[in-house]
Amino acid sequence: MTHNTTKLALAALALCVVGAPAIAMSPAGEEAMNKAGQIMFEHRCRSCHADDPNAKSYGPSLIGVVGRKAGSVAGFAYSDAMKASGIVWTQEALRAWIADNTGIMPGTRMKHMSITDKNEQDFILAYLNSLK
Numbered sequence: 038m039t040h041n042t043t044k045l046a047l048a049a050l051a052l053c054v055v056g057a058p059a060i061a062m063s064p065a066g067e068e069a070m071n072k073a074g075q076i077m078f079e080h081r082c083r084s085c086h087a088d089d090p091n092a093k094s095y096g097p098s099l100i101g102v103v104g105r106k107a108g109s110v111a112g113f114a115y116s117d118a119m120k121a122s123g124i125v126w127t128q129e130a131l132r133a134w135i136a137d138n139t140g141i142m143p144g145t146r147m148k149h150m151s152i153t154d155k156n157e158q159d160f161i162l163a164y165l166n167s168l169k
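The sequence shown maps to residues 38 to 169 in this note's numbering.
See the structure below:
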């Protein structure tokens with residue numbers, strides 16, 4: 038992600054969450070998190086994954102990914118490693134995957150730049166959570 042994209046995402050978040058309590062996020066704060074995550078998704082994930090039910094993509098759709106069993110989107114040719122993983126895409130599993138997918142699943146075909154920044158992960162996870 039470019040420095041300008043990160044700045045844009047953080048600015049979108051800051052517009053709505055300044056003064057929000059740390060333990061509860063306002064609806065405006067949640068919206069800002071989702072928007073920042075959408076911006077990051079555009080730059081980090083969209084080249085392979087769809088967030089539109091009508092769009093075709095190289096990788097499986099990420100709509101409804103939170104809570105879904107790994108390797109379960111009908112019609113997608115998953116690696117044997119993914120099909121045998123037994124992973125359910127919880128917040129924790131997705132965070133680990135985003136940070137180091139090949140480290141947690143040797144043999145996966147998915148390759149990406151690791152996203153180790155916790156804030157970027159939070160934004161992307163917020164956006165993935167919104168995709169229902």
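The beta-carbon is built from N, C-alpha and C at its ideal position, and this holds for glycine as well. Here the structure is a predicted model, which is why all the values come from computation and not from measurement.
For residue i: DSSP bridge partner residues
i           : result
residue 125 : 106
Coil, strand or helix - residue i by DSSP
i           : result
residue 152 : coil
residue 143 : coil
residue 113 : coil
residue 162 : helix
residue 137 : helix
residue 87  : coil
residue 98  : coil
residue 131 : helix
Residue i burial status per 10 Å Cβ neighbour count (16 or more: buried)
i           : result
residue 59  : Caution is warranted here: a pLDDT of 48 is assigned to residue 59, below 50, making its placement in the model unreliable, and no coordinate value can be reported.
residue 97  : buried
residue 89  : exposed
residue 141 : exposed
residue 160 : buried
residue 129 : exposed
residue 123 : exposed
residue 112 : exposed
residue 61  : exposed
residue 69  : buried
residue 163 : buried
Endpoints, alpha helix (DSSP H) assigned at residue i
i           : result
residue 70  : 64-81
residue 120 : 117-120
Same chain, Cβ closer than 7 Å to residue i, five either side skipped, listed in chain order
i           : result
residue 151 : 136 and 137
residue 144 : 116, 117 and 118
residue 126 : 102, 103, 104, 105 and 107
Contacting residues, own chain, Cβ-Cβ under 6 Å from residue i (five flanking each side not counted)
i           : result
residue 166 : 103
residue 86  : 94, 96 and 99
Close-in-space but distant-in-sequence residues of the same chain around residue i (CB under 8 Å, 5 per side omitted)
i           : result
residue 169 : 100 and 101
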